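Engineer: One structure is given below, represented as structure tokens, and several questions about it will come after.
Numbering (the working numbering), first residue to last: 915 to 1108.
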């Protein structure tokens, strides 16, 4: 998606350690016009799939998932929580996810009442690097006996293994911008042709 690539070129910041900072428009301050364009594109890419629910993980995926859901007929958005609170009750699906950004392992949970074998789920998230978050969300979906209709990612780091591993599992993965390489000295970002 050229519009997203241009936003990354204009406002993204490459930092040491293969970090691409996009907080000006994607995961801190949110550009709703961009989110709408991403929603339109995900709706086009997954057209014809019987998606009745979107699953993401807190926190950065929530905004994107909510806007994307509007393009699928206002389907519900469920987000996996990284911490149990007193507001959560009933039985839970849980898994562990290692965060590339935060360099720690999270126990993530979703209430069983929000995922069922009748659900056809599209996973939406802002970034895909090593694929740990998506792997965890897939685990939650499989625990519920639901159907994975696909994975939609805003920005994939194509030079890391996450996308390759998910595709090798036979899961449809659509990324709107795939970063082929980054240079933290020059700030240059090179995108894969799609």
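We put the beta carbon where it would ideally sit given N, CA and C, even for glycine.
Values in this document were obtained by computation on a predicted structure and should not be read as measured data.
Can you tell me where the alpha helix (DSSP H) with residue 1036 in it begins and where it stops?
Structural biologist: Translated into the one-based positions of the chain shown, residue 1036 becomes position 122. Taken as a continuous stretch (DSSP letters only), residue 1036 belongs to no alpha helix (DSSP H), being part of the beta strand (DSSP E) at 1034-1042.
Engineer: Residue 922: which of 1103, 1107 and 964 sits nearest, CA to CA?
Structural biologist: Locating residue 922 in the chain shown gives position 8, counting from the first residue. For the residues 1103, 1107 and 964, the minimum Cα distance to residue 922 belongs to 1103.
Engineer: Suppose only complete runs of 4+ residues qualify. What are the alpha helix (DSSP H) ranges in the stretch 964-1006, listed by chain order?
Structural biologist: Segments of the alpha helix (DSSP H) lying fully in the stretch 964-1006: 974-984.
Engineer: Work out the CA separation of residue 1076 and residue 1106 for me, nearest whole Å.
Structural biologist: What you label residue 1106 is simply residue 192 of the chain shown in a count that begins at 1. What you label residue 1076 is simply residue 162 of the chain shown in a count that begins at 1. The alpha-carbon atoms of residue 1106 and residue 1076 are separated by roughly 15 Å.
Engineer: Can you give me the C-alpha to C-alpha distance between residue 1048 and residue 1042, rounded to a whole angstrom?
Structural biologist: Numbered from 1 along the chain shown, position 134 holds the residue referred to as residue 1048. Numbered from 1 along the chain shown, position 128 holds the residue referred to as residue 1042. Approximately 8 Å between the Cα atoms of the pair.
Engineer: Leaving aside the five residues before and after residue 1030 along the sequence, list all residues of the same chain whose C-beta is less than 8 Å from its C-beta, in chain order.
Structural biologist: As a working mapping, residue 1030 is identified with position 116 in the chain shown. Excluding sequence neighbours, residue 1030 sits near 1058, 1059 and 1060.
Engineer: Given a cut-off of 8 Å on the beta-carbon distance, is the pair residue 971 and residue 1039 in contact?
Structural biologist: Taking the first residue of the chain shown as position 1, residue 971 is located at position 57. Taking the first residue of the chain shown as position 1, residue 1039 is located at position 125. Cβ atoms of residue 971 and residue 1039: closer than 8 Å.
Engineer: Output needed for residue 974: all residues of its chain with C-beta closer than 6 Å, excluding positions within five of it in sequence on either side, in chain order.
Structural biologist: Numbered from its first residue, the chain shown carries residue 974 at position 60. Hits under 6 Å: 941 and 1040.
Engineer: With DSSP run on the structure shown, which of helix, strand or coil describes residue 1010?
Structural biologist: Against the chain shown, residue 1010 aligns to sequence position 96. Strand.
Engineer: Go ahead and label residue 936 buried or exposed: buried means 16 or more other beta carbons lie within 10 angstroms of its beta carbon, across all protein chains shown.
Structural biologist: On the chain shown, position 22 is the one that residue 936 refers to. Looking at its Cβ environment, which holds 16 or more other Cβ atoms inside 10 Å, residue 936 is buried.
Engineer: Verify whether the separation of the beta carbon atoms of residue 987 and residue 1036 is less than 8 Å.
Structural biologist: Locating residue 987 in the chain shown gives position 73, counting from the first residue. Locating residue 1036 in the chain shown gives position 122, counting from the first residue. It is not a contact, given that the beta carbons lie outside the stated cut-off.
Engineer: Along the chain, where does the beta strand (DSSP E) containing residue 1090 start, and where does it finish?
Structural biologist: The count along the chain shown starts at 1 and reaches residue 1090 at position 176. Its beta strand (DSSP E) spans residues 1087-1096.
Engineer: For residue 978, is the classification buried or exposed, using 16 other Cβ atoms within 10 angstroms of its Cβ as the cut-off for buried?
Structural biologist: Translated into the one-based positions of the chain shown, residue 978 becomes position 64. Counting Cβ neighbours within 10 Å, residue 978 comes out buried, since at least 16 surround it.
Engineer: Where do the N-terminal and C-terminal ends of the alpha helix (DSSP H) with residue 1051 fall, by residue?
Structural biologist: In the chain shown, residue 1051 corresponds to position 137, counting from 1. Note, residue 1051: alpha helix (DSSP H), 1046-1058.
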